[in-house]
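S.K.: In the numbering used here, the protein residues as written are 2 to 479.
Beta carbons: idealized from backbone N, C-alpha and C, even for Gly.
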RNA sequence: GGCCUUAUCGUCUAACGGUUAGGACAUCGGCUUUUCAAGCCGGUAAUCUGGGUUCAAUUCCCAGUAGGGUCACCA
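Written out as structure tokens, the structure is:
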């Protein structure tokens, strides 16, 4: 039954800075597809543009992928049977295939300087027509000595039609075919050439890529034909649009470093879940998926065609749902990472998990200052201690009674549950519970909107609770 | 401008010729309630326009419109 080919996918970023969600999503799909089919997932670094290279990018990229939980079978950090995994270290391969193309008459040294070509290009732009280098071919070209750029020679100018796993039939006009550069004058290959050679040598079977590559596919196809090698399957992913829903998301228009999400306190599994659904949908109603469930459900045929924006509200919701999925120990670890030392108390965990969606992410929640009162004594205003139209003396009396209840409670019985039972018993004896619960809550938190008084008292502890109640009583009495 | 490509609630989407066009997020209302949040229940809300094809179009075809991509010694 298992005579199908081994699936090999890759993610091939260039080290020109950070990765944003678009890049991570491409990696995610390629990874999930390989995982699902027990295939191989390769991380390859496309560092052929030394001018744009940003130091530290590779480490940053690796950190981003690892954080969300994407791992690879072969890569620059771990090696593998097809090493090396940086294009800058694979130059001999490109030269080898470049020479084959020269021999076959499919490549020639560029007789023009960059400036000369640029003049032709500008003219084409002014005349609002596509620029085609092949319109300016020279009869005689120099022998390639590695100092000029090497161009591919299109012999058969035709329209191409090919099948895409996501989009189905795709096509391109003859204008998409041109004598493009294979090897730059600095000796490095262009993406257009290098990725073909690498994918071939590494045995890549499926390429997940953005729609910006549709137009250049005829160029790739013509190289495959010239070399007489088989191309991988293409799966074109839908673009991720910016929050405005219009322009495609890119670094220039504010796409953020993927690691920012880590800094804001999103869970990696939530991010994976969120990203998985931008451009893919399993067609079932379940929307909260663990990585294992995602891999199991993932199908290329269910990748979306049209582009979609992303919705940070939905990310917050997904994150909240994933928080619910955490085991107690994981939850504690996750939350404590974000809390100042003074707040690292097990009792605060339920309070945080139930209120996190108000803030979206945990970083916002902590920095929002809503938890500050736990370790900073609040400043209470007398009039705000009063519940509705209750008279002041009743409030004082209720606070005093509460104080007695608290003082009577043993240290060992001082739990959220017990405090609630004791206080509610008293509150229920009044005409309105708010006449005690409101002033107590405000006295303890100093906030008009806060968690309930029972859990606050529990977290504060008996002594601090007594202290704050006393303060409120004396403030009202004076 | 040429070429390529896309189009369902505000947003992300389901539907693969026949459905009261389904779900989720957001929003609105109700319940609960000491406030906020959470939770539960319910509501509003969509097939871009115009032509075909068909007994029947969200679905297939064509055009228009609007978006996106591409036309680098960037990937």
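Under the three-state reduction of DSSP, which class applies to residue 430: helix, strand or coil?
M.R.: Your numbering for residue 430 matches position 429 in the first chain. Coil, per DSSP.
S.K.: Can you tell me where the alpha helix (DSSP H) holding residue 403 begins and where it ends?
M.R.: By 1-based counting over the first chain, the position of residue 403 is 402. Counting along the chain, the alpha helix (DSSP H) containing residue 403 begins and ends at 393-409.
S.K.: Any idea what DSSP makes of residue 144, helix, strand or coil?
M.R.: On the first chain, position 143 is the one that residue 144 refers to. Coil.
S.K.: If I measure Cβ to Cβ from residue 24 and keep anything under 7 angstroms in the same chain, skipping five residues before and after, which residues do I get?
M.R.: Along the first chain, one-based indexing puts residue 24 at 23. Closer than 7 angstroms at the Cβ level, and outside the excluded window around residue 24, lie 14.
S.K.: Helix, strand or coil: how does DSSP classify residue 164 here?
M.R.: Start at 1 with the first residue of the first chain, and residue 164 comes out as number 163. Strand, per DSSP.
S.K.: Spell out a yes or no on whether the segment 292-300 and the segment 326-343 are touching, meaning 3 or more CB-CB pairs, one atom from each, closer than 8 angstroms.
M.R.: The segment 292-300, when compared against the segment 326-343, does not touch it at the 8 angstroms Cβ threshold.
S.K.: Would you be able to state if there are at least three C-beta pairs under 8 angstroms between the segment 200-208 and the segment 143-152?
M.R.: Because the criterion of three Cβ pairs below 8 angstroms is not met, the segment 143-152 and the segment 200-208 do not touch.
S.K.: For the alpha helix (DSSP H) containing residue 442, list its first residue and its last residue.
M.R.: Here residue 442 refers to the residue found at position 441 when the first chain is read from its first residue. 435-446 is the extent of the alpha helix (DSSP H) around residue 442.
S.K.: Could you tell me which residues DSSP pairs with residue 281 in its beta bridges?
M.R.: Locating residue 281 in the first chain gives position 280, where the first residue counts as 1. Answer by DSSP bridge pairing, in chain order: 304.
S.K.: Considering only residues of the same chain and omitting the five flanking positions on each side of residue 137, which have a CB-CB separation below 6 angstroms?
M.R.: Numbered from 1 along the first chain, position 136 holds the residue referred to as residue 137. The residues are 121.
S.K.: Is the segment 203-222 touching the segment 167-187, taking contact as three or more C-beta pairs under 8 angstroms?
M.R.: Counting Cβ pairs under 8 angstroms, three or more are found: they touch.
S.K.: Of all the options 260, 45, 79 and 195, which has the alpha carbon lying nearest to the alpha carbon of residue 96?
M.R.: In the first chain, residue 96 corresponds to position 95, counting from 1. Minimum Cα distance to residue 96 is reached at 195.
S.K.: For the 8 angstroms Cβ check, are there 3 or more pairs between the segment 343-359 and the segment 307-316?
M.R.: Counting Cβ pairs under 8 angstroms, fewer than three are found: no touch.
S.K.: For residue 59 and residue 45, I'd like the C-alpha separation in whole angstroms.
M.R.: As a first step, residue 59 is located in the first chain; it is residue number 58 there, counting from the start. As a first step, residue 45 is located in the first chain; it is residue number 44 there, counting from the start. In a straight line, the C-alpha of residue 59 is about 10 angstroms away from that of residue 45.
S.K.: Could you tell me which residues DSSP pairs with residue 173 in its beta bridges?
M.R.: Counting from one through the first chain, the residue named residue 173 turns up at place 172. Residue 173 pairs with 161.
S.K.: Can you grab the Cα-Cα spacing for the pair residue 372 / residue 447, in whole Å?
M.R.: Position 371 of the first chain, counting from 1, holds the residue named residue 372. Position 446 of the first chain, counting from 1, holds the residue named residue 447. Residue 372 and residue 447: Cα-Cα distance of roughly 11 angstroms.
S.K.: What would DSSP say about residue 121, mapped onto helix, strand or coil?
M.R.: Numbered from 1 along the first chain, position 120 holds the residue referred to as residue 121. Three-state DSSP puts residue 121 in a helix.
S.K.: By Cβ distance, which residues of its chain are closer than 6 angstroms to residue 160, with the 5 residues on each side in sequence left out?
M.R.: Start at 1 with the first residue of the first chain, and residue 160 comes out as number 159. Answer for residue 160: 174 and 175, listed in chain order.
S.K.: Since residue 108 and residue 154 are thought to touch, with beta carbons under 8 angstroms apart, how far apart are those beta carbons, to the nearest angstrom?
M.R.: Here residue 108 refers to the residue found at position 107 when the first chain is read from its first residue. Here residue 154 refers to the residue found at position 153 when the first chain is read from its first residue. Indeed they touch by this definition, with Cβ atoms about 6 angstroms apart.
S.K.: If distances are taken between C-alpha atoms only, which option among 382, 430, 378 and 393 comes closest to residue 458?
M.R.: Working through the first chain from its first residue, we reach residue 458 at position 457. Minimum Cα distance to residue 458 is reached at 378.
S.K.: Measuring only the C-alpha atoms, how far is residue 330 from residue 168?
M.R.: Position 329 of the first chain, counting from 1, holds the residue named residue 330. Position 167 of the first chain, counting from 1, holds the residue named residue 168. Between residue 330 and residue 168, the C-alpha separation is close to 44 angstroms.
S.K.: Between the segment 355-365 and the segment 461-478, do three or more beta carbon pairs fall short of 8 angstroms?
M.R.: Judged by Cβ distances under 8 angstroms, the segment 355-365 makes no contact with the segment 461-478, as fewer than three pairs qualify.
S.K.: Alpha helix (DSSP H) containing residue 224: first to last residue?
M.R.: Numbered from its first residue, the first chain carries residue 224 at position 223. 218-228 is the span of the alpha helix (DSSP H), which, as asked, contains residue 224.
S.K.: If you drop the 5 nearest sequence neighbours on each side, which residues of the same chain put their C-beta closer than 7 angstroms to that of residue 262?
M.R.: Indexing the first chain from 1 puts residue 262 at position 261. Excluding residues within five positions, the ones whose Cβ falls inside 7 angstroms are 272.
S.K.: Taking just the CA atoms, how far does residue 468 sit from residue 415?
M.R.: As a first step, residue 415 is located in the first chain; it is residue number 414 there, counting from the start. As a first step, residue 468 is located in the first chain; it is residue number 467 there, counting from the start. Distance between the alpha carbons of residue 415 and residue 468 is about 15 angstroms.
S.K.: Using beta-carbon positions only, say whether residue 385 and residue 265 come within less than 8 angstroms of one another.
M.R.: Position 384 of the first chain, counted from the start, is the residue given in the question as residue 385. Position 264 of the first chain, counted from the start, is the residue given in the question as residue 265. No, the pair does not count as a contact, with Cβ atoms beyond the cut-off.
S.K.: Check whether the segment 63-77 touches the segment 31-50, counting contact only when three or more Cβ pairs, one atom from each stretch, lie closer than 8 angstroms.
M.R.: Verdict: yes, contact present.
S.K.: Sorted by chain position, which residues of the same chain lie with C-beta nearer than 8 angstroms to residue 475's C-beta, five sequence neighbours on each side aside?
M.R.: As a first step, residue 475 is located in the first chain; it is residue number 474 there, counting from the start. Correct list: empty, nothing qualifies.
S.K.: Spell out a yes or no on whether the segment 235-243 and the segment 205-215 are touching, meaning 3 or more CB-CB pairs, one atom from each, closer than 8 angstroms.
M.R.: Verdict: yes, contact present.
S.K.: For residue 28, which beta-bridge partners are listed by DSSP?
M.R.: Start at 1 with the first residue of the first chain, and residue 28 comes out as number 27. Beta-bridge pairing links residue 28 to no other residue.
S.K.: What residue range is occupied by the uninterrupted alpha helix (DSSP H) comprising residue 481?
M.R.: Residue 481 is absent from the structure shown; the chain starts at 2 and stops at 479.
S.K.: Roughly how many angstroms lie between the CA atoms of residue 380 and residue 54, to the nearest whole one?
M.R.: Your numbering for residue 380 matches position 379 in the first chain. Your numbering for residue 54 matches position 53 in the first chain. The straight-line gap from Cα to Cα measures roughly 53 angstroms.
S.K.: Under a three-way DSSP split, which group does residue 208 fall into?
M.R.: Counting from 1 along the first chain, the entry for residue 208 is found at position 207. In the structure shown, residue 208 sits in a strand (DSSP, three-state: E or B).
S.K.: One question on the structure: do residue 191 and residue 49 come within less than 8 angstroms of each other, judged by their Cβ atoms?
M.R.: Counted from its first residue, the first chain places residue 191 at position 190. Counted from its first residue, the first chain places residue 49 at position 48. Yes, these two residues count as a Cβ contact at 8 angstroms.
S.K.: Just to confirm, is the Cβ distance from residue 424 to residue 26 under 8 angstroms?
M.R.: One-based indexing of the first chain puts residue 424 at position 423. One-based indexing of the first chain puts residue 26 at position 25. Cβ distance not < 8 angstroms, so residue 424 and residue 26 don't count as in contact.
S.K.: Helix, strand or coil for residue 332? Go by DSSP, reduced to three states.
M.R.: Indexing the first chain from 1 puts residue 332 at position 331. If DSSP states are grouped into helix, strand and coil, residue 332 belongs with the helices.
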